[in-house]
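In UniProt numbering, the protein residues as written are 1 to 145.
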Amino acid sequence: MMNAIDTTLSVLVADDHADAADSLAQIIALRGHRPRVARNGRDALRLAAEAPPDLAILDLMMPDVDGWAVARRLNATARPPVIAAVTGRDGRTSRNLSSGAGIRFHLVKPVDPAVILDVLDWAVRMKQSAAVGRTDCAGRCTETC
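Here it is as structure tokens:
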């Protein structure tokens, strides 16, 4: 008998704007996942070190440690999460910086909650795929793809 794969995500939300972070966390919790909220980049890194997330949703323009730096650090871990940026910054430069930091989804505010749900669903599929050895948690193919 095959064990069921846990599809509940641990989601790190990092945004220095409390209302934005809390709204995202509420959407995530209503979908049945476990959000943890950080108000700055330094706290995001601390929370991720304590319990590695399956998905990180980062504001890019946080004080102290920006979202791009947080993403680079998360991607350097043994189990990198899927990373999404939710930001007011658009344009080629911001998107290139996001891509270079390993951010898979660069979402420009205001973000439709349905888009957040799509990102959550995608991260669940990546977690399921990683559980059977087809990808790592960030969605990169392993040798068995």
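Glycine residues also receive a C-beta, built at the ideal position from the N, C-alpha and C atoms.
Quantities reported herein were computed from a predicted structural model and do not represent experimental measurements.
Item	Value
Is the beta carbon of Met61 closer than 8 Å to that of Arg39?	no
Is Pro53 helix, strand or coil by DSSP?	coil
Along the chain, where does the alpha helix (DSSP H) that runs through residue 147 open and close?	Any answer about residue 147 is impossible in this case: the structure gives the chain only from 1 up to 145.
Flag this pair as yes or no: are the beta carbons of Pro35 and Val13 separated by less than 8 Å?	yes
According to DSSP, is Arg34 part of a helix, a strand, or is it coil?	strand
In three-state terms, what does DSSP make of residue 156?	Shown here, the chain extends from 1 to 145; a query on residue 156 therefore has no answer.
Quick check: what's the CA-CA separation for Lys127 versus Gly91?	30 Å
May I ask which residues mark the beginning and end of the alpha helix (DSSP H) holding Val124?	113 to 131
Mind checking which residues open and close the beta strand (DSSP E) that includes Leu107?	105 to 108
According to the neighbour-count rule (16 or more other Cβ atoms, all chains shown, within 10 Å of its Cβ), is Leu30 buried or exposed?	exposed
Compare the beta carbon distance of Leu9 and Asp54 with 8 Å and say whether it is the shorter of the two.	yes
Output needed for residue 232: all residues of its chain with C-beta closer than 6 Å, excluding positions within five of it in sequence on either side, in chain order.	The chain is shown only over 1 to 145; residue 232 falls outside these bounds and no answer can be derived.
Where does the unbroken alpha helix (DSSP H) through Ala14 begin, and where does it stop?	Run containing Ala14: none in the alpha helix (DSSP H); it sits in the beta strand (DSSP E), 10 to 14.
If I follow the unbroken alpha helix (DSSP H) through Arg89, where does it start and stop?	Note, Arg89: premise wrong, no alpha helix (DSSP H); not H, not E.
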